[in-house]
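Numbering (the working numbering), first residue to last: 5 to 661.
Only one structure is covered here, and it is reproduced in the block below.
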C-alpha cells in the first residue's frame, strides 16, 4: 500500500463519469457540435491517461497553444450559436465547454477539486429546465457519485473500494437531508424562481388556441399528457357536469373559428343555484393566459380575471405550474346578450354553407320557437348516421356542408362547429366553447386528473327567456363521451389496448399509474408549488402567525446552529480517542519518529506527516507508508483491519539511523 501523491487514472475516469452523468439530461438541449466537442476532449484526456496521445501541457508547447485556441473558439462558437444573448442556455453551454477543456489539465489535486465542485454546479443546472421528481432522483444519484469520488480521492490505498465509497457518500448525503428539509420549509420563500434566468418556454401546451380548425382538437384526443389536476373540497360534481371552460370562439371564415375582440369585457354577475363546489386547480404550463374552471365560476382568486364571455385569464402567460382556487355552481344562468355580441353570434360568411342554410330553414319552418329548432337539430344528429370517431374522413370543399350531409364522421369540434353554424343559419345566436370535459379520479390521493385527451368543444346558444345555454351536440351522437368519459366513447384508444379493461393486469397497471401520478402531484404541491403563500399558511397552522420573516430567519439560523453543534458533539463523542488501540498504537509510532528527529506538527494529518518523513528518510518509506495506510484505513475509512496487526507493526518499527 502506498500514499497517493497525485492524480491517478481512476480519479480521472471518475471525474469524467460524474460530468457525463450530469450532462446526459442536457444532451437534447445543446447543439450537436457542443456535445461532439466535449466528447472529443474527454476522449483526448483518456487517451493521454493511457499514454496514447500527449496532453497539452508546458512540455508540449504546440498542444498547449492549441488548447488556448480551442478555448477562444468555444467562446466565439457559443456567442454565434446563441446570438450574443446571455442567459441560461448560453451560460450552461459555456460551462460545459470549459469543463471539457479543464479535463485536459486535470493533473493536480487542486484541478480535481475544481472539476468535482463544478460537477455539483452542473447538477444544479438541470433544474433550470426540469423540476420533476425523476429529475430530482437522477440528480441525487449524481450528487452521491460526485461525493463518492471526493471520498475516494481523500482515501489512501485500495482499502476503500468503489462500493464502500458509494455507501459512505450515501450516508453523508442522507445526513444532510434533514437539514435540507428543515431549511426548505422554514427559510423565507421568495416569489418566482430563485435564479433570474429565462423560464422554460418549451413545456407542455394545452393545444387550445384562439383558433379552432377542424382536425386540430382531434389530435389532442389521443394524448395522455396532463393538462391540470383538481382537488375538490368535499363531493365531486356529476361527470356529465364537468365542463372545464376555456377559449370561446365567436368568428368564423367557414372552416376555422377564432376568438378575439368580442367577449373581452368585464364579466356580468351569474345567476346560480344549487350546490357550491370549491376546488383547487394545479395547471400545467402552456404558454397562454387561459385558465380553466367548471361552468359556471362564481368565486375566484383575486389575480384571476373573468371576461364577459366567462373565460378565466391569468395576468400573464403561464410558463410555470400554476395553482389557484375557485368556486363553481353547475346550475346557473348567464345574463343578457349585448347588441355587439348578438351581431357576432349570428354572423356567417356570405355565400357559405348553402345546404346548411336549407336545413336551418326547414327546421325553422316546422317550429317558430327557438327551443323547438334546437330540439329538432339535436334529433337530426341523433337519428342520422353520424359517427363519433378520432379518424374522420377529410372534409373537402365546404367543410360544414360536407360533414352534415356526406361524411358524417367527426370528433367534438366537428359537431360543435356544425351545430353553431346551423343555429346561426336559423337565426339563433350561438358560439363555440372549447376546453375539457370530464376527468379521471385518482383514488390514491383524492384528486382528479384532466388530460389532453379530455379536450372538448361544445356550443352555447342564446335564448331570450334563459340567456346563454350550453348545448353539447356530441352528446346526441355519443352520450357516453359526456357521461362516462372519452375512454368509454373510444375504447380502442386506451393506454393499453392489449389488456382487457376488466382484467387483473389492467387494474394493476391502473393502480401503479395512479400511485405514480399521486407521487408527482404531492411533489408539485409541496415542492414545486411551495410558494410564500403556502409557507405562510403552514406557519399559521403551526401557531406562528405572529412571526415575521426576520424572526423566522433568526430562529431558523439558531436552530440549525444548535442542531449542528449537537451533531458535532455526537460525532466527537463516538470518535473519542480514549482507549482506541489504533490511536494508542499510532501515538507510539509518532513518539518513535519524534525521537528520530521527526516531530509531528499540530496541523499535519497522518498522510502529510508520512510524506515529509519519506522525503527525508527514504529508508523508512516502506514501513512508514504501511503503518500510516493501515492506521488511516482503520481510523477514517472504517476498514475492518486488525488493530492488533497495527500494534505489531508499530512495535517492530524502529527509526534508528
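All C-beta atoms in this analysis are idealised placements derived from N, C-alpha and C, irrespective of residue type, glycine included.
With which residues is residue i paired in a DSSP beta bridge?
i: residue 298; result: 248
i: residue 281; result: 332
i: residue 463; result: 436, 475
i: residue 236; result: 283
i: residue 270; result: 311
i: residue 230; result: 455
i: residue 444; result: 453
i: residue 391; result: 413
i: residue 260; result: 217
i: residue 303; result: 331
Report all residues from its chain with a CB closer than 6 Å to the CB of residue i; omit the five preceding and five following residues, and keep chain order.
i: residue 722; result: As displayed, the chain neither begins before 5 nor continues past 661, which places residue 722 out of reach and without an answer.
i: residue 590; result: 635
i: residue 655; result: none
i: residue 13; result: 53
i: residue 207; result: Model confidence at residue 207 stands at a pLDDT of 37, short of 50, so the residue's coordinates are unreliable; what they give is reported in the following sentence. 289.
i: residue 259; result: 403
With a Cβ-Cβ cutoff of 8 Å, do residue i and residue j count as a contact?
i: residue 152; j: residue 173; result: yes
i: residue 308; j: residue 300; result: no
i: residue 357; j: residue 429; result: yes
i: residue 116; j: residue 110; result: yes
i: residue 138; j: residue 130; result: no
i: residue 686; j: residue 63; result: In this structure the chain extends from 5 to 661, so residue 686 is not present and cannot be described.
i: residue 80; j: residue 97; result: no
i: residue 218; j: residue 403; result: yes
i: residue 214; j: residue 266; result: no
i: residue 448; j: residue 511; result: no
i: residue 399; j: residue 407; result: yes
i: residue 453; j: residue 638; result: no
i: residue 313; j: residue 360; result: no
i: residue 598; j: residue 647; result: no
i: residue 467; j: residue 544; result: no
i: residue 85; j: residue 35; result: yes
Tell me, to the nearest whole angstrom, how far the beta carbon of residue i is from that of residue j; I am working on the premise that it is less than 8 Å.
i: residue 16; j: residue 49; result: 7 Å
i: residue 42; j: residue 100; result: 6 Å
i: residue 378; j: residue 465; result: 6 Å
i: residue 310; j: residue 271; result: 4 Å
i: residue 376; j: residue 396; result: Not quite, the Cβ-Cβ distance comes to about 29 Å (not below 8 Å), so this is no contact.
i: residue 286; j: residue 325; result: 6 Å
i: residue 353; j: residue 256; result: 7 Å
i: residue 337; j: residue 275; result: 4 Å
i: residue 628; j: residue 641; result: With a Cβ gap of about 18 Å, residue 628 and residue 641 do not count as contacting.
Residue i: which of the options sits nearest, CA to CA?
i: residue 143; options: 27, 634, 75; result: 27
i: residue 3; options: 289, 314, 231, 586; result: Residue 3 is absent from the structure shown; the chain starts at 5 and stops at 661.
i: residue 380; options: 350, 355, 423; result: 423
i: residue 347; options: 435, 596, 327; result: 435
i: residue 451; options: 141, 235, 416, 44; result: 235
i: residue 432; options: 458, 413, 364, 388; result: 364
i: residue 159; options: 620, 611, 626; result: 611
i: residue 419; options: 509, 156, 461; result: 461
i: residue 166; options: 230, 352, 18; result: 18
i: residue 471; options: 340, 458, 621; result: 340
i: residue 216; options: 254, 246, 261; result: 261
i: residue 442; options: 72, 91, 243, 55; result: 243
i: residue 4; options: 246, 90, 180; result: Any property of residue 4 remains undetermined from this structure, which presents the chain solely from 5 to 661.
i: residue 95; options: 606, 660, 33; result: 33
i: residue 633; options: 621, 620, 649; result: 649
Can you give me the Cβ contacts of residue i inside the same chain, cut-off strictly under 8 Å, excluding the 5 residues immediately before and after it?
i: residue 250; result: 210, 212, 294, 296, 315, 437, 438, 439, 440
i: residue 124; result: 147, 150
i: residue 122; result: 99, 103, 106
i: residue 557; result: 191, 192
Here's a check: name, in chain order, each residue in its chain whose Cβ is nearer than 7 Å to the Cβ of residue i, leaving out the five neighbours to either side.
i: residue 241; result: 281, 298, 334
i: residue 75; result: 105
i: residue 523; result: 137
i: residue 593; result: 631, 654, 657
i: residue 305; result: 328, 329
i: residue 232; result: 285, 286, 287, 288, 296, 454
i: residue 38; result: 97, 100, 101
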